[in-house]
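Beneath this line is the structure, given in structure tokens, with notes to follow.
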Amino acid sequence: MFAVYADRPDADDPLSALVVGERPDPEVPDGFVAVTVRAASLNMHDVFTLRGVGIKPDQFPMILGCDGAGVLEDGSEVVLHSVVTSPGWLGDETLDPKRTLLTERLQGTFADTVVVPERNVLPKPAGLSFSEAACMGTAWLTAYRMLFVKSGLRPGQTMLVQGASGGVATALVQIGRAAGMRVWVTGRTEEKRDLARSLGAHETFESGARLPDRVDGVFETVGKATWSHTMKSLKPGGIVVCSGATSGDPDAAQLQRLFFLQLRVVGSTMGTRDELRDLLEFLDLAGIKPQIGTELPMTDAEQAFRALVDGDTAGKTVLTH
Ligand SMILES: NC(=O)c1ccc[n+]([C@@H]2O[C@H](COP(=O)([O-])OP(=O)(O)OC[C@H]3O[C@@H](n4cnc5c(N)ncnc54)[C@H](OP(=O)(O)O)[C@@H]3O)[C@@H](O)[C@H]2O)c1
Numbered sequence: 033m034f035a036v037y038a039d040r041p042d043a044d045d046p047l048s049a050l051v052v053g054e055r056p057d058p059e060v061p062d063g064f065v066a067v068t069v070r071a072a073s074l075n076m077h078d079v080f081t082l083r084g085v086g087i088k089p090d091q092f093p094m095i096l097g098c099d100g101a102g103v104l105e106d107g108s109e110v111v112l113h114s115v116v117t118s119p120g121w122l123g124d125e126t127l128d129p130k131r132t133l134l135t136e137r138l139q140g141t142f143a144d145t146v147v148v149p150e151r152n153v154l155p156k157p158a159g160l161s162f163s164e165a166a167c168m169g170t171a172w173l174t175a176y177r178m179l180f181v182k183s184g185l186r187p188g189q190t191m192l193v194q195g196a197s198g199g200v201a202t203a204l205v206q207i208g209r210a211a212g213m214r215v216w217v218t219g220r221t222e223e224k225r226d227l228a229r230s231l232g233a234h235e236t237f238e239s240g241a242r243l244p245d246r247v248d249g250v251f252e253t254v255g256k257a258t259w260s261h262t263m264k265s266l267k268p269g270g271i272v273v274c275s276g277a278t279s280g281d282p283d284a285a286q287l288q289r290l291f292f293l294q295l296r297v298v299g300s301t302m303g304t305r306d307e308l309r310d311l312l313e314f315l316d317l318a319g320i321k322p323q324i325g326t327e328l329p330m331t332d333a334e335q336a337f338r339a340l341v342d343g344d345t346a347g348k349t350v351l352t353h
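Under the numbering used here, think of the first position of the sequence shown as 33, with each following residue one higher.
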């Protein structure tokens, strides 16, 4: 079948490991379903996979794509939940020490067909297109859990999102605004800050700029490049929710500031199946559509990956099929 895959890990030149080609048709074990993929979205995680981060060398070749939407054999339209638990695991899927994401052990969604455990598909809401639904399983689910499950922020409080144009960042802006937060955003260019304002940010700032006031919570996916600003931007007792570190680990944790101001730093990863169901319901109730900056056929995957690596994005990048 057609597939976009990583044929090997390449830490220095990840795009050289990207292949748009053919992989064997998948088998469907008991308890699994085959989904004909209609759309899938790109995530930074796919670049990490090409680099060999978070995946064992013996798992290559690996079809890329952590999330997507498509059609089951019986014609029902579905959204994928990409957190795959170990057999018998009950409770919060993200806390299973043996859980994996699609593309870590099971093959991903940039293909004609993806095969997943039955419990990893949810009905696609009629109000979302396949492309919109394909944004939900990773970036949007991560943003939902960060804000509504982990942060403890209340409507009326101020949240700062580090980064303006990313998949997680744009989702945070859109759901934060809809939930009644005061949404502040940092972005690296005027164009990216304009995008954040168009999605509902109340105010935007250059990366690292001094803010008019301290904030209740900061939402971090950038890491080293923004960490110092994050720690300086919080009110006493404020919270950082971190789900990524695109620019690497910070040089200094700023522990003095952490204990003296009684700051809290909380990690967050993906979300549960129930949270994905609630996210889909929330989008419908709030009338939100995810910001898709680029939509390309899967055959143009290399162009899409290059833009992601270069930071040339405006929200989610979706590959259609
Ligand atoms: N834990 C999880 O479950 C989970 C789930 C999803 C994503 N993640 C992680 O979260 C991170 C973001 O993912 P994504 O899919 O949203 O990526 P993305 O769409 O490529 O977005 C990258 C974001 O990072 C910002 N950024 C990158 N380098 C920066 C720098 N040097 N200085 C300031 N800002 C910088 C960009 O800000 P500008 O808009 O200003 O360019 C942009 O908002 C990745 O590390 C990813 O692995 C984790």
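Backbone N, C-alpha and C define an ideal beta-carbon position, used for all residues, glycine too.
These figures come from a predicted structure and were not determined experimentally.
If I measure Cβ to Cβ from residue i and keep anything under 6 Å in the same chain, skipping five residues before and after, which residues do I get?
i    : result
K182 : V273, V298, S300
Q139 : I95
P157 : L312, D316
S197 : K224, L227, T345, A346
S48  : D42
Report the partner residues of residue i according to the DSSP bridge assignment.
i    : result
C274 : E252, G299
K356 : An answer regarding residue 356 cannot be provided, because it is not within the stretch 33 to 353 covered by the chain.
S355 : There is no way to answer for residue 355, as the model of the chain reaches only from 33 to 353.
M191 : V215, G249
V110 : G102, P155
V36  : V52
P329 : T352
Helix, strand or coil for residue i? Go by DSSP, reduced to three states.
i    : result
F64  : strand
R55  : coil
R131 : coil
I95  : strand
Q206 : helix
L122 : coil
E105 : coil
G199 : helix
K88  : coil
Go ahead and label residue i buried or exposed: buried means 16 or more other beta carbons lie within 10 angstroms of its beta carbon, across all protein chains shown.
i    : result
A284 : exposed
R214 : buried
P155 : exposed
V85  : exposed
V60  : exposed
Got a sec, what are the start and stop residues for the beta strand (DSSP E) residue i sits in?
i    : result
V146 : 145-149
Q286 : No beta strand (DSSP E) holds Q286; DSSP gives it neither H nor E.
T236 : 235-238
E136 : That residue, E136, is in no beta strand (DSSP E); it is neither H nor E in DSSP.
Between which two residues does the alpha helix (DSSP H) holding residue i run?
i    : result
V79  : 76-83
V341 : 333-341
F162 : 162-165
A241 : Neither: A241 is in no alpha helix (DSSP H) and is coded neither H nor E.
F314 : 305-318
T117 : No alpha helix (DSSP H) contains T117, which DSSP labels as neither H nor E.
Excluding the 5 residues flanking residue i on each side, which residues of the same chain have their C-beta closer than 8 Å to its C-beta?
i    : result
A339 : T326, T345, T349
G270 : R246, V247, D248, G249, V250, L293, L295, R296
P119 : none
Near residue i, which residues of its chain fall below 7 Å by C-beta distance, leaving aside the five closest residues on each side in sequence?
i    : result
R229 : T236
G188 : G212
A166 : A71, A72, S73, D99, G100, A101, V350
Q335 : L328
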